[in-house]
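Numbering-wise (numbering that gives the first Met the number 0), the sequence shown opens with residue 0 and increments by one. Glycine included, every Cβ here is placed at the ideal spot set by N, Cα and C. Remember, it's a predicted structure, so these values are computed and weren't measured experimentally. Quick notes on the structure that follows.
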Amino acid sequence: MSQIDAVSTLTPSHVDWLSVPLPTQLPSRSFASAGLRPRPLPPMDAFAATHSVLEGSLQQPTTARAAVIAPNTAPGDFGRRPGHFVRQPTPAPIVAKVEMKNGMQFDLRATETMSDPDWLGLPVPNPPSEPHAQVAMARPRRLPMLEPAAETDADDILSQGFNDEVEQSSELFSMESPATEDSPNVDDETLVGLPRRLPPIGDLAAEEESPRDFIASAGMSPIARQLDCTLNDFSATPLPGGTEYNNPYAAQWIYDSKAAVPTQAPWIEWGRLFYGDGITPRGRDWFGPYNMVRPQFYLYGDYRTGISAGRNAAGRTDNWSTRLNLDMDLRITDTERFHGFIGPLDRAGKVSGIQLKDGEIDYQSVINPNFVTAFFEGDLGAMWGGFHDQSSPMELPFTVGLVPLLFQNGIWMEDAVTGAAFALPARHSRLLNWANYDVTFFAAVDQINSAAFGTDGHAAQAFGNAWFIEAYGGYIETGYAFVRDRNNAAKSYHNMTASFTRRYFDRISNSVRVIVNSGQDLAKDDRTADGGLLLVENSWITSAPLTVVPYANFFYGWGRPQSVARAANSGGILRNTGINFDTDGLNGLATLDPTGADTAGGSIGVDLIGNQLDRQLLIEASYLTEHGNLNPGVDGDQFGLGARYQFPVSNATLLRFDVMHGWRGDLPNVYGTRMEYRWKF
């Protein structure tokens, strides 16, 4: 009769094991896992609620060749062994086959645990129905936690009440084998004896074999000599046993708790679905195997309709207006595409809708089939690699056509211009101590919208660059553009900008931005782009930084500062200072003077976001004063109070409400309320 004792042990770190003795004589093998001693798994509190037990009572084998298989999933009755459960094991790769002198055979399998050591796992025996069935091995699993006990030897374990358990285990898992001369006694040294307690986790590092011995015993010396690093370069993860930060079930929860998120499909999606699965199709090698073609076409955008009542600087704003924004995206490869945008219901700031003028209803129809943007963009590096059957040798993104250009959050430039641009991305400079920087070069040859040139969108051209730099503990944005007047060289000028953003004292997020215009060869009163604008933006980082954001933004403008280009619906250069300076782009809600010309002021407010980030309430107070005589839109001090509230109706729709009142000194006051419905698709 040959026996295998399956014994549960308790380590000083409160980690329980199902220990099955291994033969002392193992065959030679190349797997490093065969030489590893067991290490404790991370705490798994969820074992208390998830159990599966061995199936049925075990039978005695009828042949000399005993087999061991993994237990099944159905629960069984252990009678006098309450509380002892074994998790359902899973198969693992075979490391080696072991045949003992008594004819018993084992397949030793290596498995990976959450803490990433390899294991040699022997299963709990359960004879198969077929005498000569294949040996199946199981991944070692944790037993439920037992009460901690002081460190003692194996005899003390039996004296503490484990004697009956061990006897039952030995009797339960004993297997009959014919007595032969080669069959050893169970008490000989063929099997490892009763497992002893493992040392404390803190002492494992000192008692384990050295990295050099481990590499040699695992047959890894030739491989280790080829590596740039060795095991001496790394140390054990300093996580004590029982820590919640080493719980695999907690790490797995973020994946198991995922649920389907409602999505809104584009109006048209040809090719791969916009919100499809994560498997990327291979594509076609029309441009080479390194730049595969995956044709896709999407039509998406949003529909906006809003009702407003009030008065702005130009007069009454009682209207019900509607806009439709359509984006068309034809994707060819992963880096090349054609893109276009149209606004069929608006043109040059005018929007389709119903207006109330002097008590009469007037319908204003605006139809505009022209493209607002239409451009091609791609990466020359990817295209070059595809045509030459090689990986991309560089990154050189570019675009050409009617291109939308937006720099510094739309303050320095926000317009769609006819031209081209390219960028040098992801660079760094040791000389200047720049960790990362990008630079974009652009040329706009037509359709520049700017107050410096009136309403003539064909009068000017612009050539310049914009830099984005991560350095000196913050973020730097800078740029230069030469804006050329085609018809009058005296109106040409230089437009320069720089900004620095960083966090101070872990409490204040600050941005300082300056725009300077110079170079027009005209009389001072005739200059349209001259002077500068200083912007200081601050937000307070509270204990709830995502949901409570107090802010205070200030500005000081001198002369007539201009952006390089601003679209008609982009508002004024002060649009980011506060909602009392920001247009809604639909109904014409009232604002204070947004030009920054010969004025100074600011906005103070608080932005409140819902706990689920699903709604917004914004309250703000603003002030500006004049300090020159170049701005006809300001006559005395101006004050403003405003609020905004918006929330989603569904995953694709939202409602937004705005209210504003402004006192403008000697000019008529402005005020207004509006409600907007927006549908995204």
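Out of curiosity, what's the CA-to-CA distance linking residue i and residue j?
{"i": "ALA313", "j": "GLY348", "result": "13 Å"}
{"i": "PRO549", "j": "LEU404", "result": "30 Å"}
{"i": "VAL669", "j": "ILE618", "result": "18 Å"}
{"i": "ASN610", "j": "PRO647", "result": "14 Å"}
{"i": "THR316", "j": "ASN586", "result": "7 Å"}
{"i": "VAL513", "j": "GLY358", "result": "46 Å"}
{"i": "SER538", "j": "ASP414", "result": "27 Å"}
{"i": "TRP678", "j": "LEU379", "result": "36 Å"}
{"i": "SER320", "j": "GLU675", "result": "9 Å"}
{"i": "TYR302", "j": "SER428", "result": "45 Å"}
{"i": "ARG141", "j": "GLN251", "result": "Residue confidence for ARG141 is low, a pLDDT of 43 falling below 50, so the modelled location carries little weight; the figure read from the coordinates is stated next. Spanning the two alpha carbons is a distance of roughly 17 Å."}
{"i": "SER27", "j": "VAL260", "result": "Only weak support exists for where SER27 lies, its pLDDT of 44 falling under 50; the coordinates are left without a value."}
{"i": "HIS387", "j": "GLU394", "result": "15 Å"}
{"i": "ILE200", "j": "ASN246", "result": "A caution first: ILE200 carries a pLDDT of 49, below 50, which makes its placement in the model unreliable, though a value can still be read off. One C-alpha to the other measures close to 16 Å."}
{"i": "ILE253", "j": "ILE608", "result": "24 Å"}
{"i": "ARG483", "j": "ASP524", "result": "20 Å"}
{"i": "ARG663", "j": "ASN487", "result": "36 Å"}
{"i": "PHE656", "j": "ARG673", "result": "6 Å"}
{"i": "ASN568", "j": "THR541", "result": "34 Å"}
{"i": "GLY352", "j": "ASN318", "result": "7 Å"}
{"i": "VAL511", "j": "ALA420", "result": "26 Å"}
{"i": "GLY577", "j": "GLY287", "result": "50 Å"}
{"i": "ARG412", "j": "PHE406", "result": "Correcting the residue identity first, residue 412 is Met in this sequence and not Arg. Whole-angstrom Cα-Cα distance: 5 Å."}
{"i": "ASP284", "j": "ALA651", "result": "37 Å"}
{"i": "TRP556", "j": "ARG502", "result": "Residue identity differs from the one stated: residue 556 is Gly in this sequence, not Trp. Between GLY556 and ARG502, the C-alpha separation is close to 25 Å."}
{"i": "VAL658", "j": "THR582", "result": "12 Å"}
{"i": "ALA489", "j": "ALA461", "result": "15 Å"}
{"i": "PRO368", "j": "ILE360", "result": "26 Å"}
{"i": "ILE306", "j": "GLY570", "result": "19 Å"}
{"i": "ASP326", "j": "GLY635", "result": "43 Å"}
Do residue i and residue j have their C-beta atoms within less than 9 Å of each other?
{"i": "ALA589", "j": "ILE603", "result": "no"}
{"i": "THR304", "j": "ALA381", "result": "no"}
{"i": "ASN516", "j": "GLU469", "result": "no"}
{"i": "ASP437", "j": "PRO424", "result": "yes"}
{"i": "ALA687", "j": "GLY453", "result": "For residue 687 there is no data in the structure shown, the boundaries of the chain being 0 and 680."}
{"i": "GLY632", "j": "GLY661", "result": "no"}
{"i": "PHE441", "j": "GLY409", "result": "no"}
{"i": "ALA450", "j": "ASN494", "result": "no"}
{"i": "ALA596", "j": "PHE554", "result": "no"}
{"i": "PRO667", "j": "ARG310", "result": "yes"}
{"i": "LEU686", "j": "LEU591", "result": "One cannot answer for residue 686 here, as it falls past the ends of the chain, which runs 0 to 680."}
{"i": "THR398", "j": "GLY385", "result": "no"}
{"i": "GLY478", "j": "ALA465", "result": "yes"}
{"i": "PHE370", "j": "ARG336", "result": "no"}
{"i": "PHE680", "j": "ALA258", "result": "no"}
{"i": "GLY282", "j": "MET291", "result": "yes"}
{"i": "PRO396", "j": "ALA422", "result": "yes"}
{"i": "THR500", "j": "GLY531", "result": "no"}
{"i": "ALA443", "j": "GLU476", "result": "no"}
{"i": "ILE447", "j": "VAL416", "result": "yes"}
Tell me, which residues are paired with residue i by DSSP?
{"i": "PHE638", "result": "TYR622 and TRP662"}
{"i": "TYR479", "result": "ASN464 and MET495"}
{"i": "TYR555", "result": "LEU533 and ALA599"}
{"i": "TYR299", "result": "ASP326"}
{"i": "ALA528", "result": "DSSP lists no partner for ALA528."}
{"i": "VAL438", "result": "LEU423 and TRP466"}
{"i": "ASN311", "result": "GLY314"}
{"i": "GLN354", "result": "ASN318 and ASP361"}
{"i": "PHE340", "result": "ASP326 and THR372"}
{"i": "GLU675", "result": "GLY305 and ARG655"}
{"i": "PRO403", "result": "ALA415"}
{"i": "SER542", "result": "Answer is none; SER542 lacks a bridge partner."}
{"i": "GLU268", "result": "TYR297"}
{"i": "ASN367", "result": "Paired residues: none, contrary to the question."}
{"i": "ASN630", "result": "Paired residue(s): none; ASN630 is not in a bridge."}
{"i": "THR398", "result": "GLU376 and ALA420"}
{"i": "ASN516", "result": "ASN494 and GLY530"}
For a test of your reading of the model: does the CB of residue i fall under 8 Å from any non-hydrogen atom of the ligand NAD? Yes or no.
{"i": "ILE603", "result": "What this structure holds is no ligand at all, so the ligand NAD is not there to describe."}
Is residue i close to chain B, meaning its C-beta is less than 9 Å from at least one C-beta of that chain?
{"i": "ARG574", "result": "Absent from the structure is chain B; it holds one protein chain and no more."}
(request) Flag this pair as touching only if the region 266-282 and the region 292-306 have three or more C-beta atom pairs under 8 Å; answer yes or no. (result) As far as the Cβ criterion goes, the region 266-282 touches the region 292-306, which means the pair count is three or higher.
(message) Taking contact to mean 3 or more Cβ pairs, one atom from each stretch, closer than 8 Å, check whether the region 557-565 and the region 639-653 are in contact.
(response) Two segments are said to touch when three or more pairs of C-beta atoms, one from each, lie closer than 8 Å; by this definition the region 557-565 does not touch the region 639-653.
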